[in-house]
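In terms of the working numbering, the sequence shown opens at residue 21 and continues consecutively.
C-beta: ideal position from N, C-alpha, C; glycine also.
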Amino acid sequence: MQERMPYFDHVRAILVALMIMNHTVVVYGTDLVLESPLGIFLVKIIIWIAAPVFMILMGIFFVYPNARPASVRIVRGFKLFLLGLVLNGLRLVLPYLIAKFVNPHALSNFHYLTPNSDFPVLWQLFYFMDILTFAGLAFIVLALFDLFFKKDWHWVVLGLLVAWAAPLLWGTGRDWGVFYPLVQPFWGNALIPGLESDTPFPVFPWLVYPIVGALIGRAFLRGNALGAVVKKMLVAALLLGASGGLIVFLSKTNQFGDFYRMYPGATFLCIAIDLLWIGMFMLFAKFGVFQKTLDYLTFWSKNITLIYLVQWVLIGFGMVILGYRQLDNSWIVLALIPVFFALSYFATKKLLRSPRFMSVFAWFTR
Numbered sequence: 021m022q023e024r025m026p027y028f029d030h031v032r033a034i035l036v037a038l039m040i041m042n043h044t045v046v047v048y049g050t051d052l053v054l055e056s057p058l059g060i061f062l063v064k065i066i067i068w069i070a071a072p073v074f075m076i077l078m079g080i081f082f083v084y085p086n087a088r089p090a091s092v093r094i095v096r097g098f099k100l101f102l103l104g105l106v107l108n109g110l111r112l113v114l115p116y117l118i119a120k121f122v123n124p125h126a127l128s129n130f131h132y133l134t135p136n137s138d139f140p141v142l143w144q145l146f147y148f149m150d151i152l153t154f155a156g157l158a159f160i161v162l163a164l165f166d167l168f169f170k171k172d173w174h175w176v177v178l179g180l181l182v183a184w185a186a187p188l189l190w191g192t193g194r195d196w197g198v199f200y201p202l203v204q205p206f207w208g209n210a211l212i213p214g215l216e217s218d219t220p221f222p223v224f225p226w227l228v229y230p231i232v233g234a235l236i237g238r239a240f241l242r243g244n245a246l247g248a249v250v251k252k253m254l255v256a257a258l259l260l261g262a263s264g265g266l267i268v269f270l271s272k273t274n275q276f277g278d279f280y281r282m283y284p285g286a287t288f289l290c291i292a293i294d295l296l297w298i299g300m301f302m303l304f305a306k307f308g309v310f311q312k313t314l315d316y317l318t319f320w321s322k323n324i325t326l327i328y329l330v331q332w333v334l335i336g337f338g339m340v341i342l343g344y345r346q347l348d349n350s351w352i353v354l355a356l357i358p359v360f361f362a363l364s365y366f367a368t369k370k371l372l373r374s375p376r377f378m379s380v381f382a383w384f385t386r
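Structure follows, in structure tokens:
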């Protein structure tokens, strides 16, 4: 019988909580809020154990417990990419069009989301590369790689190549005109101070995280016990942390970039932190620590993709009233967080009871 893996449920449930808090602050808070203790905690600290951890978990389940045929994985990748574009239409394009007529002031800071002035605003909003579009591309790329790379060291080398090649690719093709969108999801625009990213989750370097997850999944697939996998993760974290720290210390380049586009040193440090974070929950499960409390959160984990969609649509439509990056009071932004938690929970429960909606949702996610 397949071993139950509650620790990954617990990690994903925590991710949902961090996700809603982070998105609320990022979307509604001005720079004043982002530089406040609330903003620093949720935007500059917590993000290290948020999206990268989700990508590592995705890589684990890409391999374990059952490796599906490449064709199935590729089709699922295309569906996830399409779902990401549908979400952009609901959370960005539609609120933008509504606000343009009922509350134009709400759009005064939308230039942060549309940095490429030679492309129409609506296109930039629709083609905004977020975590779902990245997940779709990652599924496709990993499925293709899995056809040829059969050994762990192959995947290690692949991860290193992705991390080191990424800075060389950022901004490539920006002068290709209408052909730029073909490569935009893979590396996005250049990392230039003052220029917002048009691709928050570019394949280079973000593919590194699901590759790390795939290595963990392969360890489970070989029958490694939980304790043995945790030990391997600890060793990897120490090696990556040491090498990443050394690169950061010796390099003349700011290795941390804008977080979404980090150089190898910061990427290795981030992976090290994430492995320790995930490993902590695995040890909690192994020794029975906090399990009853964490089990209460499994609803958020089991429905993480749906909740991701719901909270983004709610936050997106909230921009029509509250504006984008227009609240400069941290307490008001903080008060919005439980509101979006509650709305996301009840909206998700409502949608789960709709067979018609769930059949459409299942088509995109399976």
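Does the Cβ of residue i have 16 or more other Cβ atoms within 10 Å, making it buried, or fewer, making it exposed?
i, result
"Q22", "In this predicted model, Q22 has a pLDDT of only 46, less than 50, meaning its place in the structure is not dependable; the value taken from the coordinates is given anyway. Per the 10 Å Cβ criterion, exposed."
"F121", "exposed"
"P225", "buried"
"M282", "buried"
"S56", "buried"
"P375", "exposed"
"F366", "exposed"
"H125", "exposed"
"W175", "buried"
"W207", "buried"
"R242", "exposed"
"F377", "exposed"
"I80", "buried"
"D315", "exposed"
"V380", "exposed"
"R88", "exposed"
If you run the structure through DSSP and keep just helix, strand and coil, what is residue i?
i, result
"G387", "Outside the shown range of the chain, which is 21 to 386, sits residue 387, and nothing can be said about it."
"L347", "strand"
"G247", "helix"
"M21", "Annotation note: pLDDT 37 at M21 (below 50); position unreliable, no value reported."
"G308", "coil"
"G336", "helix"
"G49", "strand"
"W196", "coil"
"N136", "coil"
"V203", "coil"
"F159", "helix"
"S271", "coil"
"R373", "coil"
"D315", "helix"
"W226", "helix"
"M75", "helix"
"G179", "helix"
"A119", "helix"
"L167", "coil"
"N108", "helix"
"S56", "coil"
"P220", "coil"
"Y365", "helix"
"M302", "helix"
Can you tell which of the options has the C-alpha that lies nearest to the C-alpha of residue i?
i, options, result
"S128", "F384, Y344, L371 and R386", "Y344"
"F98", "R111, I160 and M149", "I160"
"L289", "V228, G109 and P135", "V228"
"V106", "Y328, W68, A362 and Q346", "Y328"
"V63", "V309, V45 and L354", "V45"
"F139", "G109, G197 and R96", "G197"
"I341", "Y200, L211 and I118", "I118"
"K306", "W351, A248, W332 and N274", "A248"
"L189", "K251, V223 and S91", "V223"
"A362", "H30, L254 and A37", "A37"
"N349", "H30, V47 and L52", "L52"
"D150", "A158, V203, P220 and W143", "P220"
"D195", "A210, F269, A186 and A155", "A210"
"T385", "F168, A234, L258 and L102", "L102"
"I293", "L258, L157 and L347", "L258"
"L114", "R373, Q346, M339 and M41", "M339"
"P230", "L157, I267, A90 and S137", "L157"
"M78", "L178, L100 and M41", "L100"
"V95", "T313, A155, M25 and N244", "A155"
State yes or no: is the C-beta of residue i within less than 8 Å of the C-beta of residue j?
i, j, result
"Y147", "E216", "no"
"A33", "S321", "yes"
"F310", "F304", "yes"
"L145", "T153", "no"
"Y48", "V330", "no"
"G285", "G264", "yes"
"R111", "A163", "no"
"F279", "I67", "yes"
"D218", "N108", "no"
"V232", "G179", "yes"
"I291", "M41", "no"
"L167", "A90", "yes"
Do the segment 320 to 340 and the segment 298 to 309 touch if we need at least three Cβ pairs shorter than 8 Å? no
Answer yes if the segment 77 to 89 comes into contact with the segment 238 to 248, meaning at least three C-beta pairs across the two stretches below 8 Å, and no otherwise. yes
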